[in-house]
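K.L.:
Structure below; questions to follow.
Protein chains: 2
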Amino acid sequence: MAAGAELFRRNGYAGTGLKQIVSEAGAPFGSLYHFFPGGKEQLGEEVIRTSGLAYIALFDLFIVPADDVVSGIEAFFAAGIATLEATDYVEGCPIATVALEVASTNEPLRKATADVFTAWIDAGTERFARFGLGREAARTLTITAVNNLEGAFVLCRSLRDTEAMAVAGAATVDVARRLLQEHTEL
Amino acid sequence: MAAGAELFRRNGYAGTGLKQIVSEAGAPFGSLYHFFPGGKEQLGEEVIRTSGLAYIALFDLFIVPADDVVSGIEAFFAAGIATLEATDYVEGCPIATVALEVASTNEPLRKATADVFTAWIDAGTERFARFGLGREAARTLTITAVNNLEGAFVLCRSLRDTEAMAVAGAATVDVARRLLQEHTEL
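Residue numbers (the numbering used here), protein chains in the order written: chain A, 1 to 186; chain B, 187 to 372.
Written out as structure tokens, the structure is:
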């Protein structure tokens, strides 16, 4: 699972061979079909669903302990910049590459990525709502944060530059400020 | 080139075989190496660079003729929603899938995607600056628009839902309003 997750993240789903996964894992080839009788697709689906949990942890690490919504968002995107720099722009979203590859080509895997994104949105909504934002505003803010993080990972990894991640954090803060103001006006 | 662009966009770079491209194009197999002696990588690079022009056209179609920055941004993201709906969520960014696949695996192709994103950012900056925004603010707004469009394509194509694209448009408008206000305050 760990070898598959690492290879899918780096090379994509189509670009990763089963032999590569088994070799990276130091496992005998037969063991793959023992644990994953559905082969690459089953492994892919389990990797997508498991990796998805990583992002929910990000909300708990950076948003939940923050003094306020804005400083939580700033910590969240600063961690995005730190990850890109620490991994030489290798690590971005654990599932975005696969999500784009399978969106129109593999319905069970598309469904797995959709379930993960739905879980992120629900988890983020619940965490942001703790700061007194209404549920609808908290959902909008979560989708804004994920949109900006995903888009910035594409630009930053391609350009090997963190500028887009800093811009993404500032944009998400702008949206948070508008939503907080609207909420206060109610 | 057109067959390659369509297949790379839909299946990704690793998921597209040369035979598939040649068959889709209705061309004899030998013709591929005649026109692209560098094979798949050369074709991939030329497809990335050519497809990149499509997004520059979007700035000219939706931002340049707008009465103001905000309505231009709204038209730009409404077109994103219309494209997703009209193509059953198949068409998103012409190069994002490949950009994520190659970011850490193929340096010539990564460089091609970086050149395209740089061209988009420069073109958008020039177009947004026409509305009286300073050059730095116009660059921030362009990166915000591209971040949000790219991120929303990931979420919308996975979830088969346009909500994230509407949220992306609203977020970009929030940033535009903040930048316009800061500029006016100068």
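For glycine and all other residues, C-beta sits at the position ideal for the given N, C-alpha and C. Fair warning: this is a prediction, and the values are worked out from it, not measured in the lab.
Going along chain B, which residues have a C-beta under 9 Å from A:Ala-82?
P.N.:
Those do not exist, as A:Ala-82 stays about 17 Å from chain B at its closest Cβ, beyond 9 Å.
K.L.:
Between the Cα of B:Ala-315 and those of B:Val-250, B:Tyr-219 and B:Gly-238, spot the shortest distance and give me the residue it belongs to.
P.N.:
B:Val-250
K.L.:
With 16 other CB atoms within 10 Å as the buried threshold, where does A:Arg-135 fall?
P.N.:
exposed
K.L.:
With a threshold of 7 Å on Cβ separation, who are the neighbours of B:Ala-261 within its own chain once the five nearest residues in sequence on each side are excluded?
P.N.:
Phe-248 and Ala-252
K.L.:
Starting from the beta carbon of A:Leu-133, find every residue of chain B whose beta carbon is closer than 8 Å, and list them in chain order.
P.N.:
In chain order: nothing, as chain B lies at least about 14 Å away.
K.L.:
In chain B, what lies closer than 8 Å to A:Ala-171 by C-beta?
P.N.:
Thr-330, Asn-333, Asn-334, Ala-357, Thr-358, Asp-360 and Val-361
K.L.:
Count the CB pairs spanning the stretch 299-314 of chain B and the stretch 154-170 of chain A that are closer than 8 Å, and state whether there are at least three.
P.N.:
yes
K.L.:
What residues of chain B sit near A:Ser-158, judged by a beta carbon separation below 7 Å?
P.N.:
Annotation: Cβ neighbours of A:Ser-158 in chain B (cutoff 7 Å, chain order): Ala-285, Ala-289, Arg-296, Thr-299, Ala-300 and Phe-303.
K.L.:
Any C-beta of chain A sitting closer than 9 Å to the C-beta of B:Gly-238?
P.N.:
no
K.L.:
For A:Phe-35, count neighbouring C-beta atoms within 10 Å of its own C-beta (all shown protein chains included) and say buried if the count is 16 or more, exposed if not.
P.N.:
exposed
K.L.:
Which word fits B:Phe-245, buried or exposed, when buried means at least 16 other C-beta atoms lie within 10 angstroms of its C-beta?
P.N.:
buried
K.L.:
Which same chain residues end up closer than 7 Å to B:Ala-285 when comparing Cβ atoms and leaving out the 5 residues on each side of it in sequence?
P.N.:
For B:Ala-285, where only same-chain residues beyond five positions count, the Cβ hits under 7 Å are Thr-299.
K.L.:
Just tell me which of A:Asn-106, A:Leu-109, A:Pro-108 and A:Leu-141 has its CA closest to the CA of A:Ala-123.
P.N.:
A:Leu-141
K.L.:
Run the CB neighbour count on A:Leu-219, radius 10 Å, all protein chains shown included, and call it buried at 16 or more, exposed below.
P.N.:
There is simply no residue 219 of chain A to check, as chain A begins at 1 and stops at 186 in what is shown.
K.L.:
Could you name the residues of the stretch 68-79 of chain A whose beta carbon sits closer than 7 Å to any beta carbon of chain B, in the order they occur along the chain?
P.N.:
none
K.L.:
Verify the CB distance criterion: does B:Arg-235 have a CB-CB separation below 9 Å to chain A?
P.N.:
no
K.L.:
Give a yes or no on whether the C-beta atoms belonging to B:Glu-231 and B:Pro-294 are separated by under 9 Å.
P.N.:
yes
K.L.:
Is the Cβ of A:Arg-10 closer than 9 Å to any Cβ of chain B?
P.N.:
yes
K.L.:
So with CB distances below 8 Å, who are the chain A contacts of B:Arg-364?
P.N.:
Asp-174, listed in chain order.
K.L.:
Measuring straight from C-alpha to C-alpha, what distance separates B:Lys-205 and A:Gly-169?
P.N.:
43 Å
K.L.:
Please report how far the alpha carbon of A:Glu-41 lies from the alpha carbon of A:Asn-147, in whole angstroms.
P.N.:
The alpha-carbon atoms of A:Glu-41 and A:Asn-147 are separated by roughly 26 Å.
K.L.:
Closer than 8 Å by beta-carbon distance: list the chain B residues that pair up with A:Tyr-89, in chain order.
P.N.:
Ala-289 and Ser-290
K.L.:
How big is the Cα-Cα spacing for B:Arg-235 and B:Met-187?
P.N.:
11 Å
K.L.:
When the Cα atoms are used, what is the spatial distance from B:Ala-191 to B:Ala-213?
P.N.:
So the alpha carbons of these two residues sit roughly 15 Å apart.
K.L.:
In its own chain, which residues sit with a C-beta less than 6 Å from the C-beta of A:Ala-171, not counting the 5 before and 5 after it?
P.N.:
Asn-148
K.L.:
For a contact defined as C-beta to C-beta under 7 Å, what are the partners of A:Val-154 on chain B?
P.N.:
Ala-282, Ala-285, Leu-286 and Glu-336
K.L.:
Suppose you measure from the CA of A:Ala-79 to the CA of A:Tyr-55; what does that come to, to the nearest Å?
P.N.:
12 Å
K.L.:
What are the boundary residues of the alpha helix (DSSP H) that includes A:Phe-76?
P.N.:
Looking at the DSSP string, the run of the alpha helix (DSSP H) that includes A:Phe-76 is 69-86.
K.L.:
In the DSSP assignment, find the alpha helix (DSSP H) that holds B:Arg-321 and state where it starts and stops.
P.N.:
Membership of B:Arg-321 in the alpha helix (DSSP H) is indicated by the continuous run 321-345.
K.L.:
What does the Cβ neighbour count give for B:Leu-229, buried or exposed, with the cut at 16 atoms within 10 Å?
P.N.:
buried
K.L.:
Quick check: what's the CA-CA separation for B:Ile-207 versus B:Ala-189?
P.N.:
6 Å
K.L.:
Whose C-alpha, out of B:Ala-352, B:Leu-365, B:Val-359 and B:Asp-360, is nearest the C-alpha of B:Ala-268?
P.N.:
B:Ala-352
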